[in-house]
Structure formats: structure tokens, C-alpha cells
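Quick notes on the structure that follows.
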Amino acid sequence: MKRVYWLTNIDSQADHVARALRSLREKNETIPAEVIPVKNGDATDFTPPSFQDAALVVMSFMGGQTLVEETLNALNGYPDVPYLVLAHGPNPARPRGVDPETVERMTRYLAYSGLRNIENLWRYLANTFLHIGKGATAEPQQLRTDGLYYPGEEPYGTLAEFAAAHLDPDKYTVGFFFLRDDWLWGNLRFYNALIAEIECAGMNALPLFTHWGSGASQERTLETCVQEYFYDADGKVVPDVVINNHRMSLRLGRANDPKFLEKLGVPTLQAYHSKQDEATWRANPAGLTPTEISATVAMIETDGILHGPVASHREVEPGGEPQREPWAYGLELLVRKAKRWATLRHKPNAAKKVAIVLHNYPANNTNIGCAADLDSGASLFRILQAMQKDGYDVGALPDTAAELWEEVLAHMTNDRRYLSETMQREATKIAGSDVIKYEKTLPASVVQKMNDTWGNAPGDAFVNNDEELLLPGLRRGNIYIALQPPRGFGEDPSAIIHSPTLAPTHHYLAYYHYLRDVFGADAFVHLGTHGSQEWLPGKQMGLSDECYSQITMDDMPNIYPYLTTIIGEGIQAKRRGQAALIGYLPAPTAQGGLYGDWEALAPLLDEYRHYKIYEPKHTASVVADIAALVEKLGMTEMFGTPTAENQEEYMLKVHNFLDDMESSETHTGLHILGEVPAGDELYALVRKLVAVAHGDVPSLVDALAEALDVPYADIAQKALATPGELAQKRSVDRKAEELLQALAARDWQADSWQDLVADTPQSPALDAVLALITESILPKIQGVGAELTNLVAALSGVMVPAGPGGSAASGNLEVLPTGRNFYGIDPTKMPSATAWKLGTALGDALLEQYVAEEGKYPEQVGIIVWAGPNLRSNGQCIAEILYLLGVKPVWRAETGRVERLEVLPLNELGRPRIDVTARISGLVRDSLPQAVALINQAVALVADLDEPTNINFVKKHIEADAAELAAAGTDPAAALKEARYRVFGCPPGAYGAGVGNVLDEKNWENESDLADAYLAWGGYAYDENGTAHASKEAFAQRLKTLDVTVKNEDTSDLNLMSSDDFNAYHGGMVAASRALGGKAPRSYVGDSSQRSRVQVRTLAEEFQRVVQSEALNPKYIKGMMEHGYKGALELAKRAMLSYSWDA
1 MKRVYWLTNI DSQADHVARA LRSLREKNET IPAEVIPVKN GDATDFTPPS
51 FQDAALVVMS FMGGQTLVEE TLNALNGYPD VPYLVLAHGP NPARPRGVDP
101 ETVERMTRYL AYSGLRNIEN LWRYLANTFL HIGKGATAEP QQLRTDGLYY
151 PGEEPYGTLA EFAAAHLDPD KYTVGFFFLR DDWLWGNLRF YNALIAEIEC
201 AGMNALPLFT HWGSGASQER TLETCVQEYF YDADGKVVPD VVINNHRMSL
251 RLGRANDPKF LEKLGVPTLQ AYHSKQDEAT WRANPAGLTP TEISATVAMI
301 ETDGILHGPV ASHREVEPGG EPQREPWAYG LELLVRKAKR WATLRHKPNA
351 AKKVAIVLHN YPANNTNIGC AADLDSGASL FRILQAMQKD GYDVGALPDT
401 AAELWEEVLA HMTNDRRYLS ETMQREATKI AGSDVIKYEK TLPASVVQKM
451 NDTWGNAPGD AFVNNDEELL LPGLRRGNIY IALQPPRGFG EDPSAIIHSP
501 TLAPTHHYLA YYHYLRDVFG ADAFVHLGTH GSQEWLPGKQ MGLSDECYSQ
551 ITMDDMPNIY PYLTTIIGEG IQAKRRGQAA LIGYLPAPTA QGGLYGDWEA
601 LAPLLDEYRH YKIYEPKHTA SVVADIAALV EKLGMTEMFG TPTAENQEEY
651 MLKVHNFLDD MESSETHTGL HILGEVPAGD ELYALVRKLV AVAHGDVPSL
701 VDALAEALDV PYADIAQKAL ATPGELAQKR SVDRKAEELL QALAARDWQA
751 DSWQDLVADT PQSPALDAVL ALITESILPK IQGVGAELTN LVAALSGVMV
801 PAGPGGSAAS GNLEVLPTGR NFYGIDPTKM PSATAWKLGT ALGDALLEQY
851 VAEEGKYPEQ VGIIVWAGPN LRSNGQCIAE ILYLLGVKPV WRAETGRVER
901 LEVLPLNELG RPRIDVTARI SGLVRDSLPQ AVALINQAVA LVADLDEPTN
951 INFVKKHIEA DAAELAAAGT DPAAALKEAR YRVFGCPPGA YGAGVGNVLD
1001 EKNWENESDL ADAYLAWGGY AYDENGTAHA SKEAFAQRLK TLDVTVKNED
1051 TSDLNLMSSD DFNAYHGGMV AASRALGGKA PRSYVGDSSQ RSRVQVRTLA
1101 EEFQRVVQSE ALNPKYIKGM MEHGYKGALE LAKRAMLSYS WDA
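Take the sequence shown: its position 1124, counted from the start at 1, is 1124 in full-length UniProt numbering, and no numbers get skipped.
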């Protein structure tokens, strides 16, 4: 008997068509048909059914081009079987043997939806393709497209009607969106519960069902419905807060105005509806699945939403339909959070209480307010000034930021070395009995973990003789300036090595409980990048009531100024800290230039070039002078000593280092929140931004070089340019400075370069650069003041506008203006085609460097993979790993998503396949699961190739390790599985590399201790599905045999002295490899900050470049001295990090 096959990867569609088919069977209308749900995760190994008995095959795959092609390949064997690939997004319908009228009618049945329409769709297919119908089928029936819903009533068609029946003008109003299909199909259990919870909380519910977006049959967009139902007759916004129940972005690929939520202006909370049942979700350390993170989380972040909790799960009762079952804790938390944000819109500012949390890691007095790139004291002062102007009670402010900071230091801090009796007496306290009472409200498992680690509450941390917990910070009016409590490793330094998922102390949870429930804060402000709250143990995303980040934040609005360059960590604060981010500008930089004896070295190098070409007999004298200066600078160990045999190599080293140092960006101060760059800082920022290309607009020097016919890029790439070539290059550099200085002198306004400098050549490219500066760069920079205004507005319940994160200095001007709730990229598009070019360039540069040093290819490379550099570059490190393995991504043309991997033939690769071990950060595990899957898939592809092991090092090492494990008694299948592990990271729920904590607590004696910490914190292998496997031995095997380690950066905003994470991850890998393997691997740093000039330096070279160009640079030191306490903190941090790298 012939039958109809319906294949789909859309869960709701699979449910609906299957439900309609069952409904017909219950009415004794049996239609031979099969609905085949396909999970997205099956794309790589999907096997279509046999279509031998098919009368029609319907394919409905959203974003699943691989699934489509696999099914079509299977149908090639049945040329007489009609099929229809349904249209989705940019992909039109693809029929074979199905006429256009039938396609159109089927499309309308689906678009109009509802049980009756889908039943008639099946009847229509039975009539048309199975010829078993009972007469003509009813036409598709247009049903209501949208409306305001209330249980037990017909939908309301106007806001006025609904308001008259259900809106109390004296109550807050919570609007929420949900799918029209849920209303049509009666899937309303969750929404009924949400309405009841909102009303129980004393608020109005304003539920709006609509299509998700708009399509051919959906003329009314969500935006249209919002205008109609969420604004009253006077144009006033009715809801105080919105909850979004749609599981896809409301603006990407939709007909909605991308800024319609921003125009609505109220906070939008995202409710998460897990596709797992509750039991599966609770057992899943990741929380949400990779597919959910990509579609439900990453894409929705572009809308500017605030993350809410998981509010429901997909439960299927035996023999029943799938239901969205409310999760009581998540539902209640969601509504409480909505009420908190609504309260901010109505409560008078004078009555609001705000806790401003200063980060303090390590927890001593030299690290208070340790926010990356930010002058925390000056920023705090500006925030309080702005709040005071807006009517908040901030107490009597001192005259200066320095005086305010002295006040902070004079009160109780986390540094118990300086804890005086007066401080203890005057400190804020919470009774131990109150802490015990509070902990009784928490899940027993949470309390048990703390008790097991720290003893019963209140514990020992910050507890006085009266069993009271001391809380660092001070109160000023209705503002509590809080110092974030220590994470707990200082209380138990040995735990750093054996317990990456260490539970926080009783004191930590009690502190947040005090701020929230005792002090009575209406909102938190976590000031600067970054603290520890969002990094506490628990699920990666979709947190539960047992996750410490969820417990500490609870229902609080969390406003978080965050360095916009640090996308990965910012997303962590957004997701696990449920923050409204306020992206802020990186610290100011300027071209470092040369100073002191370095400056004296430059003309000597020019002399050497001159003498070598024109008067060789004089070279010996100038070489001796150069060597003497190098020795005076303490750089002989790095450059060596020149001899007749190595003179050229020596000069090349000195020349390249000096060139790098002179052009390096040096920090010249710190950013102050909301302060718009002016004067020299503005000039330096504009110069930095036009030093790179932006889309089709070239950099200023490239545009000038083309206009002046100077081969600038070729000269810059030369190892040893001639004096004439250097003069050409410098003439372009000088001209660029001359033009920018002239433009700055005219207040950055000019109609043409020629108006500024008469002898400037005419050039369309130069004109484009000028237009970019005056029409885009300057207006965007002037918008930096939004950092402060948006923060204060958020405290009044106003939505923080969304914008991309990243580095404008790397060619992404859309990052500006700052002050927005920034987001990352779609992880399914990683690596992008652009990133593939960067990754291959980085890979080639690494191999070239190693071959030059060792005379052969490396067999094993260890690479540090962080989320930030890959989110900014769209996946350069992922691309490099694939390229070293000899595998390349294949992208779907319509979407740019990676569809599959393809092996590069050896004759095309021109080298062996390199074995690569990736040490991923916890953020990569959490936010880029597709990247983890790709690396695993690539390793499997290469390991299974029929190639000699002398040119396939992956296969070589896997076979050898598997044989060794099997010989030791491991089951052969398990041995092969373990031997293939190549992606390692922290245990589920943990973050970091461990080494930084060990160094901070001085809890080590030798390199083996550092290796132990590195193994404990990184010894978990992550497979293609993102599942963690405790595999310390496998990680040790990989580390001890490494030939090379590498860590890449993609922006001049950051360097290896920016934080201890660089040392903990990369330095830790080097130390562990050396301790375990008995020899140090070659160690490199990749640099793609200049996209057109990718470089790889040795770790020693990069360390010296940063130390000499920045840490010891008078520009840097002077700039930091102007920032008082925080500047001193930064200088001390550089010294501390130098010791860490030395370790």
C-alpha cells in the first residue's frame, strides 16, 4: 500500500501533523502515512527511510540543508515518487511531481494551522496522492491570526475591550508574547499558569498571541500587533515589562522593525521552555542543549532581552500529547523578576535602594574595584553624581572621586590583615542565626555541599565572636557600596587543586541575601569586568534552583557595566548573571613609540642598513654599538650576541622587535564610565580605528599608499627593507599623521583632505576614509555618554538597547556607540569564511615558525581556545585547528552556517596532518557547543582516513595510545574512545584553569604543583555531543607529548598582561607539558589584530614586546599615575603578572 511520508526537524510541526493524523484515525479515517521527526543533532548521520512505497514525500527542514540533500539523494532511486521540500526562510519550495496549485494549497493549510486545517491537509493529500478520499476536501480556513487571550474567554480583538475586563489601572501590567499555534492547538496549560501567577503577584496579565514573524500568509507582524495591543489610544505603552515566550529571535530574518522592542522601551524577559523533560534537564550539567543555546539563547540575545529562568519543560504522558508543563520554581521566579523590573518604573527614585557591587579579586585592599580597563573609583563617583541628579538618596557626596575611594577603604573590606576593632564594630553584620534561617529556604543539596566544605552555617569566614557575619562595604543614603565577597579558595587553598567546583562559603550566599532581602535593594549594579557571581558552580545555561549563580541573583535586576571587547565573559554575565549589560569603551591607547635607549637604537639600525649596502667595511663598528645598547637594555638573552656568522639573523631579530615595539598600542590611562574621549585620547582613538579596514573602506595608510604609489604592505612584510624602502614607508606614516592632525585641528570637520593639506593626492579611497571618520566614527564616539545615561535609565526600568560586542579596533565599528546590552554571534556560523582565512594564515605562520626553528613539522600542537577571540573574529582558532588537522568547513550559501566538514587532500594540503589538542575555556563549552562538536568531528574524520601514519599524525598517535591502553587492560573500544579525546576543559559547572588561583594563594612549591592544578581543572574531555568525561590521564598524555603550544589574540585592546587568565591557561599549559614530559614545548602567540598582517611570535618575544612597549613605557606609567588608586592597582598587576609568567 502506498503511503505519505512527512519528515520534519520542527518539533511543533511534527507534533501537530502527527496529532491531526491520530485524530483522523480516531474518527475512523485511516490514512496510510508516517510522520518522521528528525532531531537537528542527527544531521551528520541521518539515514532517510526507504521510499519504495511512497506516494508523496514532504520535507520540512528548518535550516537543515544537509537533511534535505540526504533525503533527495535517497529519492533519486525513485524517480516517479513526487516530493515537496517546503519553503523556509530564504529557501523557496522545491517540488517534484507536485503542481504549483497543490503547493500553494498545502502551504495555506499549514500557515492557517489549527487541528481542523491540518486534518483537512491530510484529507487533501489522501485525495490527491493516495486517491482514497471521500469527495472534495474543504478549503483552508483562515482563522484568527492574533489577539489578547484570557482563559475561558474568546480572544479580544482590541486593547480597550481587554482593559475594560481585565486591567486594573492601579496595578503593574505584565505583557507577554506567545505563539498563535499554541492558542490554536489548545497548548495553553503553561500560559494559564503564567496568567494565574501574575495575578497572584498582584499584577495585570496582558497575553498576546501572534505569529512568530511574518511570511507569505502572515500579513500581520508581531510588531504590528504590539503597536495595536500594547499601546493605548494616547500612544502610551501599557505593559511595564514584557515576557517573551517565543523561542526564536523576534527580529532576525523577520519583517519586524529591528528596533521595535527598543521603541517599546520596557524590559523584555526571556522565558525558557526546555525541550527536555524535567528529569533529563535536572541531570544535564549543561542545562540547555546545544540546539537550544544556538536558537533559543544566542539568537534571541540580539533582540536585547534579559535572561529569565527555565519556566517549563516538555513532558509527554504515556499515550498522551506533548505538553509544556510549568516548572513551579521557574514560573514563580519569572513573575517575581518581572515585578522587580516593573517596580523600577514606578517607585520614586528617592525611595529606591541600589547595591553597587565592586569586584575584589584577589580579595585584598590592593584589588578593590578590579574592573578591566575601567577607573572604578572615578566611575563610581560619576554614577553616584548622575543618580543624585536623578533624585536618588546617595548621601552627601564628597568633592572628588579620590575622597570617595578613601571612604571605601576606611570601612570594612575583604582584607582581614587590616581589619581594625573599629572596622569590626562599625561593619554591617548579619546574625549567624539569620543565616541558618535563610539557608532553610534553599534546596537541601545546596546547603549540604556548603556544609561539607565549610562546616555548618555560619561557618568560619568573616564570623566574629558573637557568631555574626561581617559584610564588607558601606552605606550612603539608599546606596550600599558592596565589596564582592571572596569566592572561598583563600579559606581552603588546597581545594584549588582538587575541587574546581568548590561550593561558595556561607558568607558569600549570606552577603547577597543581605543585600537583596535585608538591606532591601531594588537593583544590583555590578561595576566592571568582571566578578565571581556569574562563575559560581552550577549548570552552564538554563540554571536550576540548585545553581549558586541563580541562588545569589534570585529575582534581582542586575545592571552590569562590562568591557565590550570581552564578549565571551560578558555573555556569561548576561546568561548566568541575568544581567542587562552596559558595554563600555576599552581603556585609551596610543602608539607606544620608542623611548630611552630604544629610541637611540633606531638610528643605529638605519646606519647598519646604509653601511651594509654602501660601505660594508663600517658595519662592524655599528654592530658593536647596537650590541652594547642591547646589553644595556637587558635583551642579550633574547637576541643573542652578534657574530660574523649570525650577524644578519641578529639584526633581523632586533629590527623586527623594534618595529613591533614602535607600532604597538600602549595603554595611556583608564576609561571612566560615560566619559566621551576628547583631546589627545580622541585623536589616538580615531587614529587607532582608521589603522584598520572597515568593510570596503581601507585603512588610512593603505589608502594613502595606493594614492602615492608606495608598496607599503610589501615593505612592511619585508624582513630587512632597504633605507630607500623604509623612507617610502615612513613618508606614508608621516602623511597619515599630518592629515589626521590637520583634521583634528579643524574639530574633525572637512569637506576634503585637500582642504586640510593642499598636496594630498586625489583618491576615492582617501575620500571614503574621510567620510568614514566624519560621518560614522566621530558620531559613534560621541555616543559613548550613553554608558552612563543608559545605566541610570535601566534603574528606572527602561530597556537597555541592544548592540553587538567586540572590538572596533579590529574593524567592527558596529560595536560603537558603547552603552548597549551587547551580544555575540550565531555559533552555528563559526568559523566563518573570513575566519577560515585568518585561521589558515595563523596555522601557516605557526608551522613556518616551527619548521624554521626545528627543521621539521610539529606532530602535536596544544592550542588555547577562548570564547572572546573567536566571537570577535567569528572563529579564527576553530578554523586554525581544522586547518592543522587538514579539514575545511563547508558553508550553506543562503545562511553562512557550517553544514559539514570536508577533508583536504594531502596533495592540496602539502604537508602532514597535525595532531591538535584544544584546551577550551568554560565559556567555549557553554556558548560555543557547535565548535566543540566540529573539532571532534574533524578528529574522527582524520583518524579514520586510510593514510600512512608518517603523514597523518592524528592517526599515528591515536593508534599508538589505543594500543598502549589496551595492553594495560583497557577494553579495546574504550581505549580507542579515550585515545581520540582532543578537546579538554573544566568539569561541568566549573570555570578557569586553576593555575592563577594557585599562584594567588601561593599554594605551590614546584612546577609539578602547577601541573597538578592544570590537570585537575582541565582534565575533562568533551565529546561531539558536549558530554564531559573525567579523563585526567588522557589530558596528561596529550600534554606531555606536545611539540608546540599557542594562544591567539585578535585585538590590540588586549595582551598577555591584561589579566592572569593568559598566564593561567597558556603559561599553565607550558608548565604542565614541561613537568609531565620533561621538556619545554615551543610556545607561540598568534596575532591577527591587523587582519591583513597575521603574525606569530614566540611567547618570549611577545612577553618582551608587551613589557618593553607598554609595562615599562613612560607613556603607560604616566597615564596610570593620573588615575590614583586604580592606576596604582594596574601598575602593581603588571608586576604581579610578570612574576606569574616567571613561575
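Just so you know, even glycine gets a beta-carbon here, dropped at the ideal spot from N, CA and C.
Spatial neighbours of E301 in its chain, beta-carbon cut-off 6 Å, leaving aside the 5 residues before and after: Locating residue 301 in the sequence shown gives position 301, where the first residue counts as 1. Around E301: Y823.
4 or more residues per run - each alpha helix (DSSP H) lying fully within the stretch 556 to 625: 567 to 575 and 596 to 614
CA nearest to the CA of N646, picked from E738, V623, D1142 and A938: In the sequence shown, the residue the question calls residue 646 occupies position 646. Nearest option by C-alpha distance: V623.
Cβ shell of P258 (< 7 Å), same chain only, five flanking positions each side left out: On the sequence shown, position 258 is the one that residue 258 refers to. So the list reads R251, once near-sequence residues are dropped.
Proximity below 9 Å, CB of V1106 to CB of Q849: In the sequence shown, counting from the first residue as 1, residue 1106 sits at position 1106. In the sequence shown, counting from the first residue as 1, residue 849 sits at position 849. Going by C-beta atoms, V1106 is not nearer than 9 Å to Q849.
Assigned exposure category for Q52 - 16 Cβ within 10 Å defines buried: Residue mapping note: residue 52 aligns to position 52 of the sequence shown, counting from 1. Q52 comes out exposed.
Nearest candidate by alpha-carbon position, reference H507, set P711, E467 and P537: As a first step, residue 507 is located in the sequence shown; it is residue number 507 there, counting from the start. The candidate whose alpha carbon is nearest that of H507 is E467.
Beta-ladder partner(s) of K888, from DSSP: Reading the sequence shown from its first residue, position 888 is the one you call residue 888. E902, per the DSSP bridge assignment.
C-beta contact flag for P603 and H667 at 9 Å: Residue numbering aside, residue 603 sits at position 603 when the sequence shown is read from its first letter. Residue numbering aside, residue 667 sits at position 667 when the sequence shown is read from its first letter. No; because the gap between Cβ atoms is not below 9 Å, this pair is not in contact.
Residues bridged to M541 (per DSSP): Position 541 of the sequence shown, counted from the first residue, corresponds to residue 541. DSSP output for M541 lists G287 as bridge partner(s).
Environment of I613 [buried if 16+ CB atoms lie within 10 Å]: On the sequence shown, position 613 is the one that residue 613 refers to. Result: exposed.
Same chain only: Cβ atoms within 6 Å of R687, ignoring 5 sequence neighbours per side: Locating residue 687 in the sequence shown gives position 687, counting from the first residue. Only L740 meet the Cβ criterion.
Presumed contact (8 Å Cβ cut-off) between V792 and P677, rounded CB distance: What you label residue 792 is simply residue 792 of the sequence shown in a count that begins at 1. What you label residue 677 is simply residue 677 of the sequence shown in a count that begins at 1. That belief does not hold up - the Cβ atoms of V792 and P677 are roughly 21 Å apart, past 8 Å.
Classification of A216 by the beta-carbon crowding that lies within 10 angstroms, buried from 16 upward: The residue labelled residue 216 in the question sits at position 216 within the sequence shown. With a pLDDT of 40 at A216, under the threshold of 50, the predicted position of this residue should be treated as unreliable, and no value is reported.
Which of helix, strand or coil DSSP assigns to Q749: Translated into positions along the sequence shown, residue 749 becomes position 749. Here DSSP, grouped into helix, strand and coil, assigns Q749 to coil.
Every unbroken alpha helix (DSSP H) within the stretch 404 to 431, with a cutoff of 4 residues, ordered by chain: 421 to 426
P326 Cβ short of 8 Å to the ligand SAH heavy atom set: Absence of the ligand SAH is noted for the structure shown, with no ligands found whatsoever.
G538 vs G989 beta-carbon contact at 9 Å: For this step, residue 538 is matched to residue 538 along the sequence shown. For this step, residue 989 is matched to residue 989 along the sequence shown. Cβ distance < 9 Å, so G538 and G989 count as in contact.
6 Å Cβ shell around A1072 - same chain, five flanking residues per side excluded: Working through the sequence shown from its first residue, we reach residue 1072 at position 1072. The answer, listed in chain order, is A1011, Y1014 and L1039.
Contact the stretch 589 to 601 vs the stretch 550 to 558: 3+ CB pairs below 8 Å: The stretch 589 to 601, when compared against the stretch 550 to 558, does not touch it at the 8 Å Cβ threshold.
Continuous beta strand (DSSP E) stretch holding H166: start and end: Translated into the one-based positions of the sequence shown, residue 166 becomes position 166. Per DSSP, H166 belongs to no beta strand (DSSP E); it is in the alpha helix (DSSP H), L159 to H166.
Secondary structure of G63, DSSP reduced to three states: The residue given as residue 63 occupies position 63 in the sequence shown. Here G63 sits in coil by DSSP.
Whole-angstrom distance between V57 and I31, CA atom to CA atom: Here residue 31 refers to the residue found at position 31 of the sequence shown. Here residue 57 refers to the residue found at position 57 of the sequence shown. Straight-line measurement puts the Cα of V57 at about 14 Å from the Cα of I31.
Alpha-carbon to alpha-carbon, D1142 and T1027: The residue labelled residue 1027 in the question sits at position 1027 within the sequence shown. The residue labelled residue 1142 in the question sits at position 1142 within the sequence shown. About 35 Å.
Which of helix, strand or coil DSSP assigns to G147: Taking the first residue of the sequence shown as 1, we reach residue 147 at position 147. DSSP places G147 in strand when its eight states are reduced to three.
Close-in-space but distant-in-sequence residues of the same chain around D42 (CB under 7 Å, 5 per side omitted): Walking along the sequence shown from the start, residue 42 turns up at place 42. Here D42 scores only 48 on pLDDT, less than 50, and its place in the model is too uncertain to base an answer on.
Per DSSP, cross-strand counterpart(s) of H307: Start at 1 with the first residue of the sequence shown, and residue 307 comes out as number 307. Note: H307 sits in a beta bridge opposite Q270.
Continuous beta strand (DSSP E) stretch holding N28: start and end: Looking up residue 28 in the sequence shown gives position 28. Per DSSP, N28 belongs to no beta strand (DSSP E) and is neither H nor E.
E706, buried or exposed, once every other Cβ within 10 Å from all chains shown has been counted against 16: As a working mapping, residue 706 is identified with position 706 in the sequence shown. Around the C-beta of E706, 16 or more other C-beta atoms lie within 10 Å, and the residue is accordingly described as buried.
W535 and R475 closer than 9 Å at C-beta: Within the sequence shown, numbered from 1, the residue matching residue 535 stands at position 535. Within the sequence shown, numbered from 1, the residue matching residue 475 stands at position 475. No. Outside cutoff.
Length-filtered (3 minimum) beta strand (DSSP E) runs lying within the stretch 643 to 699: Look at the stretch 643 to 699 and you find these whole runs of beta strand (DSSP E), each 3 residues long or longer: 665 to 667.
Three-way DSSP call (helix, strand, coil) for N870 in this model: As a first step, residue 870 is located in the sequence shown; it is residue number 870 there, counting from the start. Note: N870 maps to helix in three-state DSSP.
Cα-Cα separation, Y1125 to A684: One-based indexing of the sequence shown puts residue 1125 at position 1125. One-based indexing of the sequence shown puts residue 684 at position 684. Taking the straight line joining both Cα atoms gives about 24 Å.
When K171, Q385, G391 and N9 are compared against L397, the one with the closest alpha-carbon: Within the sequence shown, numbered from 1, the residue matching residue 397 stands at position 397. Of K171, Q385, G391 and N9, the residue nearest in Cα terms is Q385.
Helix, strand or coil at V815 [DSSP, three-state]: As a position in the sequence shown, residue 815 is number 815, starting the count at 1. It is helical.
Where Y83 sits in the DSSP three-state scheme: Along the sequence shown, one-based indexing puts residue 83 at 83. DSSP places Y83 in strand when its eight states are reduced to three.
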